[in-house]
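Peer 1:
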Amino acid sequence: MTLNALIIQSGGKPAFAVLPYEEYETIRQSLASFDSLEDFVHYVHALNVKNETTIWHSLDTVKKELRL
Numbered sequence: 004m005t006l007n008a009l010i011i012q013s014g015g016k017p018a019f020a021v022l023p024y025e026e027y028e029t030i031r032q033s034l035a036s037f038d039s040l041e042d043f044v045h046y047v048h049a050l051n052v053k054n055e056t057t058i059w060h061s062l063d064t065v066k067k068e069l070r071l
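Quick note: the sequence shown uses our numbering, first residue 4, plus one each step.
(1) So, helix, strand or coil for F43, using DSSP?
(2) Quick check on this structure: which residue in S13, H60 and L9 has the alpha carbon closest to the alpha carbon of V21?
(3) Hey, quick one: how far does the alpha helix (DSSP H) through S33 stretch, first residue to last?
(4) Per DSSP, K66 is paired with what?
(5) Going by DSSP, which residues form a beta bridge with K16?
(6) How big is the Cα-Cα spacing for D38 and E25?
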């Protein structure tokens with residue numbers, strides 16, 4: 004997703020981001036299922052790790068290697 008935000012500066016620093024309403028609604032709905040922004044960040048991180056992982060192991064294999 005590419006955000007089409009207009010950044011408004013104050014004192015030469017970013018102060019506000021103005022989004023088209025449709026993009027705001029998409030973001031709002033996406034975040035609604037999370038209890039906090041931190042939870043959302045963790046979710047996105049987990050998705051990135053999952054997408055980067057090329058080798059998967061079964062639970063049984065992992066338990067055997069860890070002697071559980």
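All C-beta atoms in this analysis are idealised placements derived from N, C-alpha and C, irrespective of residue type, glycine included. Quick caveat, the model's predicted, so the values are computed rather than measured.
Peer 2: Let's see:
(1) Three-state DSSP puts F43 in a helix.
(2) L9
(3) Its alpha helix (DSSP H) spans residues Y24 to L34.
(4) According to DSSP, K66 bridges with nothing at all.
(5) S13
(6) A straight-line Cα-Cα distance of about 22 Å links D38 and E25.
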